[in-house]
Every structure is written in C-alpha cells, then in structure tokens.
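Residue numbers (my numbering), protein chains in the order written: chain Y, 23 to 239; chain X, 23 to 239; chain F, 131 to 349; chain L, 131 to 349.
Glycine residues also receive a C-beta, built at the ideal position from the N, C-alpha and C atoms.
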C-alpha cells in the first residue's frame, strides 16, 4: 500500500539535473499537477523525455516556459514555438527520435532488452553514428534503450497498490514509461480502494509505481 | 465486419505443412474447438508454436495425440509425456526457447523488428550458433523474429469487427500472436455486436483478426 | 473543386473495404470525408485509437479523446484505444494497409521528404518515419508545386523520411507512380495538359501513350 | 519439520514488505504459506497474474484463473492479469524483486542448473532462464543432496540455466551464499554439524569462525 503524496512533495523528490520521462501526447494524458509543482519549485537542468513538448502553457510546455529544461528527447517539437526558440538560442539541446522508435527504446529500457532493431530511420539522418545490422537481407538500426531517473505519469484511476488504468487516447506513452524509470510517480483523476479495479482492467501493474499523487494538492 | 465461421471451416483453411501459432498456457486460454476440428480433419506435418504442449487430450495436446505435428517451438514440454515420447522416437522435432524470449521473438515478428536482443540464454546451450552482441559492456543474444502462417487464438469476447478481450490468465500468448501470423483465427466464448465492448477493454485490435469462430460448430 | 478537394477525392479512390488507414495531419485528413458509401474503412490515429469519427458537437468534447493533431474526435461503434507501443507495433509491423501523408519533396527514386527543412523548420518526424517504413502502401498527397517550385524532383535536397519508395503521388495536376525505373505518369487532372504536368515537375516522367483523366470519389 | 518445511520457512525470512516475488513450481511454492503477519508480498505467476491466493473452495474454480503449474488459484484484492509479453517484461526488466527456484545443481561459481538432464529428461526451461537472468535476487531452494549425491558441486555437469551467479542457496542442512570468491557457508540447520554439511557438499565451502543456526519464519 502507498499513501498518496501531494504534487509539491513529489516535485521535491526530483532534484535539479534529473532525467524525467513524462506521459502525454500534445498534452493529452500528461501529469499537469506535477508539471505545475515542478515549475513552481523552480526545477533546473532537467532532461525531459516524451513524445512532444505540447504547447506553451500546456502539459510539459509549462516546464519549457519556466526554464526548467535543458535537454529534450522527443519525436516532435513543432507545436511549441518556445521549444523551437530555445533550441535555436542554444538553451535547450534536442534529440529527435521517430515516435515508434522512441516507444520501443523506452520499452527496451524497461524490459531488460539490449536495444531495438528497427527498420525505421535506415537511410535517413536518424541513422547517423548508429550501428546498422543486416538480418535476413534487410537493414535494421540498432537503437539504444532509454531509461530515466523519474517517470511522471497521468492515469485515469489508481488504487492504493499503484495499479493504474487509462482512458482512450490519454494512455499513449504512460504505460511503457512505468517500466523504465528508477522512480515512478503517478498522478490520477481518481484514487480508489484496492480491489475496486477489475484485474483485467489494470494496464500498469502497481508494483511499478513508487508514488501516487492525490487529487487535492 | 466478419461473419463467424465454424471450427470445421476454419480447419479447412489450414493446409497440411502449415506453421501454426496457438494461444494457451498448459491448455488455459487455448482454442479447443479449433484443435478438435484440426484433429478431426486429420491435419498433417504441422509446425506448432506455443508456450507448451499441455497434456495428452488437453489443448494442443490433442494435435500431438492425433499425429498432426512434426515440429514444435515451445518453452516447455515437460507436462506432456506423448510429446517427449515422439521427440525421442524422432517423430517430432522440438526447438526449446526460453518463455520470455519466445514472447519477444513473436512480438518482433509481429511488429516489424529485426530481432530481439536479450540477456536470457547467454552462457547456456540456447546461445549455440547465435550472434552475441556486446552493448554497453553486457552481452545480449540476437534472437530471430518468429511468424507463422496461422495464429489460432482463444478469446473471452469478440465483436464482429474482430476486437477481442481475454480473461485473467487465459490471455498469455494470445494477444502477441494476433500480430504475428498471415491469417489469424479467433475462437471466443462469446461474440457480441460491434459497439458493446468498451474501447479501453479491447486487447486485440479487430483489424488483426481474419476469421471468427462461432460458438456452435 | 479546389486543389485540396481534387487531391482528397482522388486519394479516396485508393480506399478498399476493410482497410486500416492512417491519415497524416493537414490535407490527408480531408480524405476521411470521401469514404465511398457502404465501404468500411478503419482509421487509425497514432496517438492511440482505431475507429474515430468527426469532432463531437460543441460542449461534448472529451479531453481524453483526441487525434494525432490534438483535435477532439468521437469514437465510432467498435472503436478501440491503445498505447503508443501498440500503435507503432501496428504501424511498423505492416498492419496498416495504407497511409496518406503530406510531402515537401518526392524524388525520382520515390523517396519522400516531409519532416524538416534544415535551418528553417525542425518540427521533428513524429510518426512519419515509422509510417513510411511500415505501412503497406504509402500515398503522398500534396500540391504539385510550392511557390512555383516543383516538389517532385530528380534528387531530394531535403532530408528523406525513409529509404523506402512510396506507392503513389497524388497532386492537383496528376497521379504519378514511382517505379523501379523512375516516375511514371498515370493520370492527369481534368483539363490539365501533359505539358503542364511536365513543366511543373522537376524529375523525368515516363509518359505512356495514353494518360487517362483522373477519376474521383463523388463529393 | 521435514526437509521441505525447513527450507520453505528459512526462505520466507528473505521476504520483505512490498516485494514482488515469483515462486517456482514445487518446493518453492511452499514459501507462500509463510509470509510473516502484516507483511504484504505480491506473488507473480509468469502465466500472467500478480496477486493470486490459495486455491478456491471446490466447485468454485475458474478455468481462466490458474498458476504457472496449471493449478487453480484465487485472486486477492488488487490482483491484476496480463499477457506473457508483459509478464516477461516484468521478469527480464528487473521488476521482480526475488525469485525462488528449485535446483538440480549449483556450482562454486554460483551457477544454477535446473532445466534438463541430457539423455534423461528434457522438459524445457519454461520461464526459468528469464527468471534467473532478470530477477533482482535468485534464491535456490532445494534439498542438499539427491540420492546421496551432492547437488552443490565444483563445476556444473548439467547445462546451466543462466550465466548469472545466484544470490543464495537454502537447503535442509545449510544456507550458502555464492560470492565472487566461491561458496560461503552462512548458516547451519538446527542440530546439523558443519562436518555433515561439508561431507554432503561437492564444492569447496569457505567456513567462517562462527556459523549461526538457521532462523525460521514461524509455522
């Protein structure tokens, strides 16, 4: 059993310079209260890992706005002009990764695999400086696993074991990130007693979740 | 939309010599009606791919009993003495694969990856004749993707788009196999109208399923 | 019909019953409006849904139900939701029958560039590289030229999205098929002369004796 | 206490609150009966469940709710079900805190053999190779000898389950820890002399000045 902590308490666990994965797709399914708390405590030099940087004022965009971030690993930053501006100004370093490769690299990091062998990116700039393996006559890039110090998730329901459910397109990168960080913090719309979520409805095993963030901060 | 076919019609689609993946763990979550129909039509020279060969008379054990199988890729055959006997007699060729590696190899086959880089099996007989890659100071086996001509699944509910749900420990290898065969045939406890299964409850996308097997044969 | 409608209605002719289709953001999304009557096509959005429909009435939007462009959508009967790992297992695994994507350039080898302009815009590839690599058919739906400059070129000057040869290029002027031997003109838009197509194309086109006029899905 | 109970109750001392534990079939499953009062341990069965409990009353079995040995189980509050891919992502990914497995042999390097006897039985490795490779701690729970022959040997004569050094060996005679420098005797069972342990062990044991008696979880 885990007691819920506040978003502020959670933000205090995350030191400056940490690497932080976050769920969300253009802000949908993102842990907004955790972002607010991190921005409020003035976190610095974070490496953030997620699909995109949403928009200014939305989702992880709040951390970009607040100057918390110096490095980004993402598949897309086109929706956030602040990210673009800071990248061009040299304030933020950006690594762009194809979306499916990003998902698999995080999956490899969380499931003990040594890397990902993907055809995506072969013959493009993504392949630069990477090993290419020929397997059965086709070329595959060897992409490295990704792990982070923290994963910040947004769930629909959580129970006090940490078991999580997601709603519709708000799942996106949340489930895979639960496997790939040393400390997993989940913010949810609801926290329910253990035994309320049916076993087949759980999408993230509670054993992966270190901290729950309660509804009221 | 797909109309349900009978188990017999499904068995007629599967030619002698085909490779056939099947869901099930010691028979739990196995497509029993499809096995019955394949045994009844006297299928020959099948390569079967699954976790285990259950027991005589149970699950895929029925195909072993009926002499339908000449090759097995599985993680465990210890519960079926008939499999053991036929292997020793040279009637069945057996490739043993660690359970997690089997799951990942099938996943690679179904998701366009070139192989699996796993630490499992390094330093054991499983590593014989396989490439070992050193990545970040650790050794990983390069394991090849597995695909099959057919995947025979057991689901709890299906709708007429082919969307599937599973119950408790009856899921096992069924969901991953839905991605990895040229023709996917799903037998289910229930077939329900489209729209009845909530979007978040579906665990196998119907677009992967070619044929549904109706309740009555 | 304006250029975009010409393109969308011609691309819709490529749809087949039972297909799983992924439409890129922008022009390609228009194709969804032209699914022929009685045909069932499942649309995937790579953020995690198959079977979405038009935006719901105002006030009925669900913040957890959006497409890959972040727009609100509805769920049709039989819709299913899944995470990003599953979404790209579908895409890279060859389970998406067709993707329709916008393009900045296509070259004589059929290679597409659509994700960045060095020194100008670097939005990132999002799911485009996986889609072009993994989908069974890749249709490029784009205007034939950009500010008078051809987008169909001999050799890409922009970074490619994938090494793979795309299946078909549909513009408001022509339908062009990249083949092993280069680009082949397949159809011309109504009242467009072959000379006009050649003049606006920056790569060699092989022109068969008969170039039929484009057909369209009814509007 | 018979040999199996000695082993199970000693292994149970290794449990910690909040752990995720996978118990192998046979002797290791007995450990589940000795979880200390007030401690919450989640048990995983690799066929796809965390949080299972004892078999349900007769007539209340569910054919879709079984453990990795095929036996009927019950679901405790908070139980979750998942497929084989997820199950081994947990195992190989280092999310299982401890696994308890039976053994045929362990050697002086701490390597375990427990999946086949060439020419005799070839049941297959099932999930054992992944568990020994991926679990944070690997406890071997086995009888000290088999038909008078030591199972703890200088060098494996049976095929290894993994290259990895296991964390601890618990038998009815002793607790032995494989270290970088070989096997170290840590505890002896009540009323067992060190000489008896040495006599029944086929590998060199380092013996500290004081070898305490095993403690147990209460029965």
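Original post:
How many angstroms separate the CA atom of residue 44 of chain X from the CA atom of residue 299 of chain F?
Top reply: In the second chain, residue 44 of chain X corresponds to position 22, counting from 1. In the third chain, residue 299 of chain F corresponds to position 169, counting from 1. Between the alpha carbons of residue 44 of chain X and residue 299 of chain F lies a gap of roughly 40 Å.
Subject >> Whole runs of the beta strand (DSSP E) within the segment 222 to 269 of chain L, excluding any shorter than 3 residues >> reply: If we require 3 residues or more, the beta strand (DSSP E) runs fully inside the segment 222 to 269 of chain L come out as 228 to 231 and 235 to 237.
Original post:
Touching or not, the segment 207 to 223 of chain X and the segment 222 to 230 of chain F, by the rule of three or more beta carbon pairs under 8 Å?
Top reply: Counting Cβ pairs under 8 Å, fewer than three are found: no touch.
**OP:** Return the first residue and the last residue of the beta strand (DSSP E) that residue 309 of chain L is part of.
**Re:** Position 179 of the fourth chain, counted from the first residue, corresponds to residue 309 of chain L. For residue 309 of chain L, the enclosing beta strand (DSSP E) starts and ends at 304 to 309.
Original post:
Cα-Cα, which of Y/184, Y/200 and Y/202 is closest to residue 213 of chain Y?
Top reply: Position 191 of the first chain, counted from the start, is the residue given in the question as residue 213 of chain Y. Considering only Y/184, Y/200 and Y/202, the residue with the shortest C-alpha distance to residue 213 of chain Y is Y/184.
Subject >> Continuous beta strand (DSSP E) stretch holding residue 174 of chain L: start and end >> reply: Start at 1 with the first residue of the fourth chain, and residue 174 of chain L comes out as number 44. Taken as a continuous stretch (DSSP letters only), the beta strand (DSSP E) holding residue 174 of chain L covers 172 to 175.
Subject >> residue 181 of chain L burial status per 10 Å Cβ neighbour count (16 or more: buried) >> reply: Taking the fourth chain and counting its residues from 1, the one referred to as residue 181 of chain L is at position 51. That one is buried.
Original post:
What's the gap between the Cα of residue 239 of chain Y and the Cα of residue 107 of chain Y?
Top reply: Position 217 of the first chain, counted from the start, is the residue given in the question as residue 239 of chain Y. Position 85 of the first chain, counted from the start, is the residue given in the question as residue 107 of chain Y. In this predicted model, residue 239 of chain Y has a pLDDT of only 42, less than 50, meaning its place in the structure is not dependable; the value taken from the coordinates is given anyway. Across the structure, residue 239 of chain Y and residue 107 of chain Y are spaced so that their CA atoms are roughly 32 Å apart.
**OP:** Answer with buried or exposed for residue 176 of chain F, where buried requires no fewer than 16 other C-beta atoms within 10 angstroms of its C-beta.
**Re:** Looking up residue 176 of chain F in the third chain gives position 46. Residue 176 of chain F comes out buried.
**OP:** Following the continuous beta strand (DSSP E) through residue 157 of chain X, name the residue where it begins and the one where it ends.
**Re:** Numbered from its first residue, the second chain carries residue 157 of chain X at position 135. In the DSSP assignment, residue 157 of chain X falls within the unbroken beta strand (DSSP E) covering 154 to 157.
Original post:
Can you tell me where the beta strand (DSSP E) with residue 44 of chain Y in it begins and where it stops?
Top reply: Indexing the first chain from 1 puts residue 44 of chain Y at position 22. For residue 44 of chain Y, the uninterrupted beta strand (DSSP E) run begins and ends at 41 to 44, by DSSP.
**OP:** Grab me the residues of residue 88 of chain X's own chain with a C-beta within less than 6 Å of its C-beta, minus the 5 sequence neighbours each way, in chain order.
**Re:** On the second chain, position 66 is the one that residue 88 of chain X refers to. Only residues of its own chain outside the window of five on either side were considered, and among them 61 have a CB closer than 6 Å to the CB of residue 88 of chain X, listed in chain order.
Original post:
Just how far apart, CA to CA, sit residue 278 of chain L and residue 114 of chain X?
Top reply: Translated into positions along the fourth chain, residue 278 of chain L becomes position 148. Translated into positions along the second chain, residue 114 of chain X becomes position 92. When only Cα atoms are considered, residue 278 of chain L and residue 114 of chain X end up about 35 Å apart.
Original post:
Taking the C-alpha atoms as reference points, what is the distance between residue 149 of chain X and residue 167 of chain X?
Top reply: Residue mapping note: residue 149 of chain X aligns to position 127 of the second chain, counting from 1. Residue mapping note: residue 167 of chain X aligns to position 145 of the second chain, counting from 1. Each residue's alpha carbon lies about 15 Å from the other.
Subject >> Inter-residue Cα distance where the pair is residue 195 of chain X and residue 229 of chain X >> reply: In the second chain, the residue the question calls residue 195 of chain X occupies position 173. In the second chain, the residue the question calls residue 229 of chain X occupies position 207. Distance between the alpha carbons of residue 195 of chain X and residue 229 of chain X: 18 Å.
Original post:
Within this structure, are the beta carbons of residue 306 of chain Y and residue 95 of chain Y separated by less than 9 Å?
Top reply: Any property of residue 306 of chain Y remains undetermined from this structure, which presents chain Y solely from 23 to 239.
Subject >> First through last residue of the alpha helix (DSSP H) which encompasses residue 313 of chain L >> reply: Stepping through the fourth chain from its first residue, residue 313 of chain L is reached at position 183. Taken as a continuous stretch (DSSP letters only), residue 313 of chain L belongs to no alpha helix (DSSP H), being part of the beta strand (DSSP E) at 312 to 318.
Original post:
Got a sec: which bits of the segment 217 to 230 of chain X sit with their beta carbon under 9 Å from any beta carbon on chain Y, in order along the chain?
Top reply: So the list reads 221, 222, 223 and 225, given in the order they occur along the chain.
**OP:** Could you name the residues of the segment 178 to 199 of chain Y whose beta carbon sits closer than 9 Å to any beta carbon of chain F, in the order they occur along the chain?
**Re:** Listed in sequence order: 178, 188, 189, 190, 191, 192, 193, 194, 195, 196, 197 and 198.
Original post:
Quick one: Cα of residue 161 of chain F to Cα of residue 255 of chain L, how far?
Top reply: Here the question's residue 161 of chain F lines up with position 31 in the third chain. Here the question's residue 255 of chain L lines up with position 125 in the fourth chain. In this structure, the CA atom of residue 161 of chain F is about 51 Å from the CA atom of residue 255 of chain L.
**OP:** Kindly indicate if chain Y contains any beta-carbon less than 9 Å away from that of residue 218 of chain L.
**Re:** Mapped onto the fourth chain, residue 218 of chain L falls at position 88. The beta carbon of residue 218 of chain L sits closer than 9 Å to some beta carbon of chain Y.
Original post:
Which full runs of the alpha helix (DSSP H) of 4+ residues lie inside the segment 189 to 234 of chain X, going along the chain?
Top reply: 196 to 199, all fully within the segment 189 to 234 of chain X.
Original post:
In chain L, which residues lie with their C-beta within 7 Å of the C-beta of residue 134 of chain Y?
Top reply: Taking the first residue of the first chain as position 1, residue 134 of chain Y is located at position 112. Simply 222, 223, 224 and 264.
Original post:
Can you find a C-beta in chain Y that's less than 9 Å from the C-beta of residue 142 of chain L?
Top reply: To locate residue 142 of chain L, count along the fourth chain from 1; it is residue 12. Not a single CB atom of chain Y sits nearer than 9 Å to the CB of residue 142 of chain L.
**OP:** Flag residue 140 of chain Y as yes if its beta-carbon sits less than 9 Å from any beta-carbon of chain B, otherwise no.
**Re:** Here the protein chains are Y, X, F and L, and chain B is not one of them.
**OP:** Could you pull out every residue in the same chain whose Cβ sits closer than 6 Å to the Cβ of residue 172 of chain L, ignoring the five residues on either side in sequence?
**Re:** Position 42 of the fourth chain, counted from the start, is the residue given in the question as residue 172 of chain L. Residues 150, 180 and 181 of the same chain have their beta carbon placed closer than 6 Å to that of residue 172 of chain L, with the five preceding and five following residues left out of the count.
Subject >> Residues that residue 48 of chain Y contacts on chain F, provided the C-beta gap is smaller than 9 Å >> reply: Sequence index remark: in the first chain, residue 48 of chain Y carries index 26 (1-based). What residue 48 of chain Y touches in chain F: 177, 196, 198, 199 and 200.
Subject >> Interface flag, residue 259 of chain F vs chain Y, CB-CB below 9 Å >> reply: Stepping through the third chain from its first residue, residue 259 of chain F is reached at position 129. At a cut-off of 9 Å between C-beta atoms, residue 259 of chain F counts as an interface residue with respect to chain Y.
Subject >> CB contact flag (residue 132 of chain Y, residue 304 of chain L, <9 Å) >> reply: By 1-based counting over the first chain, the position of residue 132 of chain Y is 110. By 1-based counting over the fourth chain, the position of residue 304 of chain L is 174. Taking the C-beta atoms as reference points, residue 304 of chain L is found no nearer than 9 Å to residue 132 of chain Y.
Original post:
Starting from residue 210 of chain F and walking both ways along the alpha helix (DSSP H), at which residues does that stretch end?
Top reply: As a working mapping, residue 210 of chain F is identified with position 80 in the third chain. Segment 204 to 211 is the beta strand (DSSP E) holding residue 210 of chain F; no alpha helix (DSSP H) there.
**OP:** Spell out the partners DSSP gives residue 152 of chain L in its beta bridges.
**Re:** In the fourth chain, the residue the question calls residue 152 of chain L occupies position 22. Partner(s): L/174 and L/229.
Original post:
At a Cβ cut of 9 Å, what residues of the segment 277 to 296 of chain L count as close to chain X, listed as they run along the chain?
Top reply: Along the segment 277 to 296 of chain L, the positions whose C-beta sits under 9 Å from a C-beta of chain X are 289, 290, 291, 292, 293 and 294, read in chain order.
Original post:
Which residue comes first and which comes last in the alpha helix (DSSP H) that contains residue 83 of chain Y?
Top reply: As a first step, residue 83 of chain Y must be located in the first chain, where it is residue number 61. DSSP places residue 83 of chain Y inside the alpha helix (DSSP H), whose first and last residues are 83 to 87.
Original post:
Do the segment 202 to 210 of chain L and the segment 269 to 283 of chain L touch if we need at least three Cβ pairs shorter than 8 Å?
Top reply: Segments in contact, no.
Original post:
Do the segment 126 to 141 of chain X and the segment 198 to 213 of chain X make contact, defined as three or more Cβ pairs closer than 8 Å?
Top reply: Touching, yes, given that three or more Cβ pairs across the two stretches are closer than 8 Å.
Original post:
Taking the C-alpha atoms as reference points, what is the distance between residue 331 of chain F and residue 90 of chain X?
Top reply: Taking the first residue of the third chain as position 1, residue 331 of chain F is located at position 201. Taking the first residue of the second chain as position 1, residue 90 of chain X is located at position 68. Taking the straight line joining both Cα atoms gives about 59 Å.
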